[in-house]
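Numbering (this note's numbering), first residue to last: 23 to 132.
So this is what it looks like as structure tokens:
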């Protein structure tokens, strides 16, 4: 199922963590979500654009484990998204910060 951009943001915010576009402010306490625009494609019929579908990267930054993805998976269980990938990173305190991310397509808001 495709949801629109506003619904995606609403669901992310309902998870109870801070949500930012593109970049969280410095020294933001973990965990938090960040979403970023990746691309847009047009669905065409009869050579006319019918729908604009946008792709977003949705990231969870945490010093926890993949178990913290459970609320996200529950909130988006009816929506298609790519497999979740983890890219561990060292922060300024030499602690491991897990960067879990996925890609989701949504309908562009009009």
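Idealized CB from N, CA, C, for every residue including glycine.
Since the structure is predicted, the reported quantities are computational estimates derived from the model, not experimental observations.
Item                                                                                                        : Value
Candidates 75, 108, 98, of which the one nearest residue 88 by Cα                                           : 108
As assigned by DSSP and simplified to three states, the class of residue 126                                : strand
Limits of the unbroken alpha helix (DSSP H) element including residue 29                                    : 27 to 35
Local Cβ density within 10 Å of residue 84, reported as buried at 16 or more and exposed below that         : buried
The segment 23 to 38 contacting the segment 87 to 107, beta-carbon criterion three pairs below 8 angstroms  : yes
Cβ-based neighbour list, residue 94, same chain, cut-off 7 angstroms, excluding 5 preceding and 5 following : 37, 82
Residue 36: CB within 7 angstroms of a non-hydrogen atom of the ligand ATP                                  : Only the bare structure without any ligand can be found here, which leaves the ligand ATP out of the picture.
Beta carbon of residue 34 nearer than 8 angstroms to that of residue 129                                    : no
Cβ pair residue 43, residue 57 closer than 8 angstroms                                                      : yes
Straight-line Cα distance separating residue 75 from residue 52                                             : 30 angstroms
Closest residue to residue 80 among 26, 131, 122 (Cα-Cα distance)                                           : 122
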